[in-house]
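Peer 1: Numbering (my numbering), first residue to last: 74 to 350. Next up is a structure, given as C-alpha cells.
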Amino acid sequence: MTLRVLITNDDGIAAPGLRWLARTAAARGLEVVVAAPSEEASGASAAMSAVERDGRVVVEEHSIEELPGVPAYGVAGSPGLITLIALHGAFGPAPAVVLSGVNRGANAGRAVLHSGTVGAAFTAAANGCHGMAVSLDVLSAGEASAGSGGAAIAVPRRDRDERRHWATAARVALDLLPRLTAGPKESVLNVNAPDLPYERLRGVRRGSLAGFGQVQMTVAEAGKGFVRTALEESGERVVPGTDVAWLAEGYASVTAIRAITEASDVDLSDLDDPRGG
Numbered sequence: 074m075t076l077r078v079l080i081t082n083d084d085g086i087a088a089p090g091l092r093w094l095a096r097t098a099a100a101r102g103l104e105v106v107v108a109a110p111s112e113e114a115s116g117a118s119a120a121m122s123a124v125e126r127d128g129r130v131v132v133e134e135h136s137i138e139e140l141p142g143v144p145a146y147g148v149a150g151s152p153g154l155i156t157l158i159a160l161h162g163a164f165g166p167a168p169a170v171v172l173s174g175v176n177r178g179a180n181a182g183r184a185v186l187h188s189g190t191v192g193a194a195f196t197a198a199a200n201g202c203h204g205m206a207v208s209l210d211v212l213s214a215g216e217a218s219a220g221s222g223g224a225a226i227a228v229p230r231r232d233r234d235e236r237r238h239w240a241t242a243a244r245v246a247l248d249l250l251p252r253l254t255a256g257p258k259e260s261v262l263n264v265n266a267p268d269l270p271y272e273r274l275r276g277v278r279r280g281s282l283a284g285f286g287q288v289q290m291t292v293a294e295a296g297k298g299f300v301r302t303a304l305e306e307s308g309e310r311v312v313p314g315t316d317v318a319w320l321a322e323g324y325a326s327v328t329a330i331r332a333i334t335e336a337s338d339v340d341l342s343d344l345d346d347p348r349g350g
C-alpha cells in the first residue's frame with residue numbers, strides 16, 4: 074500500500090521549501106497531500122490557532138504548478154492545528170507520516186521548542202503518527218525576526234529563495250524516511266541541512282541538541298507601553314557533535330527528539346497515593 078504523507082510547514086503555502094519537499098516525496102512514489110498556513114506562521118510551536126468564519130476554519134484550495142493532481146490547501150491556521158485536523162480526515166484519509174518543511178532557516182538546539190515546523194511534527198507524534206521536521210540553514214541574525222522568541226525565522230527574500238538548495242534538504246529527509254517509519258511514533262526526527270548542492274554535502278550525522286539556537290532574542294529597548302526585541306548571533310561556544318556544529322562543518326544533522334516526556338529525576342515520592350501501599 075502506498076504511504077500517504079502530509080506535507081506542511083510554517084512558512085506558508087507559497088514557500089519554495091514546501092514545494093520542493095512535496096515534489097521529492099511525490100517523485101519517491103508517495104501519496105502526497107499538501108496543507109499549510111495561508112500566511113507565514115513561524116514561531117507558532119504547536120499552537121492550536123486558526124481564523125474562523127461562521128465557526129469554520131477557513132480553507133482554500135491551491136494548485137502547485139510542478140505537482141498537477143496533488144491536492145493542496147491553504148489553511149488559516151497554525152501548523153499544529155493543520156496537522157491535527159489532517160489526522161482527523163480534514164483533507165481526505167489520514168496520513169501515515171507528516172513531513173514538515175522545508176523550513177527557511179535551521180531549527181537547531183533547544184530553540185526547536187518555538188518552531189512551528191517542529192511543532193507540526195510534535196503534534197503528529199502526540200497523535201500516533203510519524204513526524205519529521207526538515208529545515209535548511211539559510212539565515213543570519215541580520216535576516217531574521219524575533220517572532221519566535223529566539224528561534225531562527227527568515228524575513229522573506231523572494232529573489233534569493235528560489236536559488237536556495239531546497240532539494241538537498243528534501244533529498245536528505247526522504248532518504249531518512251525508512252528510519253522514521255521504523256522507529257517509535259512518539260519520536261520525531263529533526264533534520265537540518267546546510268544550504269549546499271547535494272554533491273557538496275559532506276554527509277549526514279546524528280547530532281545532539283545544542284544548548285542554544287543559531288540566533289537568540291534579546292530585549293533591545295523597553296519603555297512605557299512597549300518592548301522592542303532584536304535577534305543576535307549566539308555567543309555560545311559550539312560543542313562538537315551537536316546539530317549546530319555539524320551544520321557549520323557542512324554536514325546535514327538529524328536528531329531524534331520527543332516533545333512531552335515525564336521527568337524521572339524529580340523526587341515527588343512523598344506525594345504518592347498512600348492507598349498504593
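Heads up, the beta-carbon is just placed ideally off N, CA and C, and yes, glycines get one too.
Do you know how far the Cα of W319 is from the Cα of A163?
Peer 2: Cα to Cα, A163 sits roughly 38 Å from W319.
Peer 1: Nearest by alpha-carbon distance to E200: which of R129, R233 and L154 is it?
Peer 2: First, the amino acid is wrong: residue 200 is Asn here, not Glu. Closest by alpha carbon: L154.
Peer 1: Taking just the CA atoms, how far does V171 sit from L79?
Peer 2: Cα to Cα, the separation comes out at about 5 Å.
Peer 1: Using only alpha-carbon positions, find the residue among A108, L157, V107 and V105 that is nearest to M121.
Peer 2: The candidate whose alpha carbon is nearest that of M121 is L157.
Peer 1: With DSSP as the reference, please indicate the residues paired to L262 in a beta bridge.
Peer 2: L262 is bridged to M205 and A329.
Peer 1: Taking the alpha carbon of A184 as the reference point, which residue from L247, G280, G116 and H203 has its own alpha carbon closest?
Peer 2: Comparing Cα-Cα distances from A184 to each of L247, G280, G116 and H203, the minimum goes to G116.
Peer 1: From what residue to what residue does the beta strand (DSSP E) around V107 run?
Peer 2: It spans E104 to P110 - the beta strand (DSSP E) in which V107 sits, taken as one unbroken run.
Peer 1: With a threshold of 8 Å, are at least 3 pairs of Cβ atoms found where one atom belongs to the region 86 to 97 and the other to the region 128 to 144?
Peer 2: In short, these stretches touch, since the Cβ pair count reaches three.
Peer 1: Going by DSSP in three states, D248 sits in which element: helix, strand or coil?
Peer 2: It is helical.
Peer 1: For G220, does the three-state DSSP call read helix, strand or coil?
Peer 2: Note that G220 has pLDDT 46, beneath the 50 cutoff, so the model's placement of it is unreliable and no number is given.
Peer 1: Please state if the CB of G189 and the CB of D83 are separated by a distance shorter than 8 Å.
Peer 2: In contact: D83 and G189 (Cβ atoms closer than 8 Å).
Peer 1: I need the straight-line Cα distance from P166 to A293, nearest angstrom please.
Peer 2: Taking the straight line joining both Cα atoms gives about 47 Å.
Peer 1: Can you check the region 77 to 149 for any alpha helix (DSSP H) of at least 4 residues that lies completely inside it and give the ranges in chain order?
Peer 2: Counting only runs of 4 or more, we get 89 to 100.
Peer 1: Excluding five sequence neighbours on each side, which residues of the same chain lie with their C-beta closer than 6 Å to the C-beta of L253?
Peer 2: If we look at L253 and ignore the five residues flanking it on each side, its Cβ neighbours are H203, M205 and L262.
Peer 1: Suppose the cutoff is 6 Å on Cβ atoms and the five residues either side in sequence are ignored; what does the same chain contact list for T196 look like?
Peer 2: Only A119, G153, T156 and L157 meet the Cβ criterion.
Peer 1: Is the beta carbon of G150 sitting closer than 8 Å to the one on V130?
Peer 2: Contact flag set, yes.
Peer 1: Using DSSP bridges, identify the partner residues of E294.
Peer 2: Per DSSP, R301.
Peer 1: Run through DSSP, which three-state label would D316 get?
Peer 2: D316 falls in the helix class under three-state DSSP.
Peer 1: Report the rounded CA-to-CA distance for A98 versus A179, giving the unit in angstroms.
Peer 2: Each residue's Cα considered, the two are about 20 Å apart.
Peer 1: When the distance is taken between beta carbons, is V107 closer than 8 Å to A145?
Peer 2: Contact flag set, yes.
Peer 1: Does the beta-carbon distance from G323 to L274 come in below 8 Å?
Peer 2: Yes; because the gap between Cβ atoms is below 8 Å, this pair is in contact.
Peer 1: Take K258 and list the residues in its own chain whose beta-carbon comes closer than 7 Å to its own, dropping the five residues that flank it on each side.
Peer 2: A198, G201, C202 and H203.
Peer 1: Determine the closest residue to N333 out of G192, A114, L160 and N176, with distance taken between C-alpha atoms.
Peer 2: The question names Asn, yet the displayed sequence has Ile at residue 333. I333 has its Cα closest to that of G192, out of G192, A114, L160 and N176.
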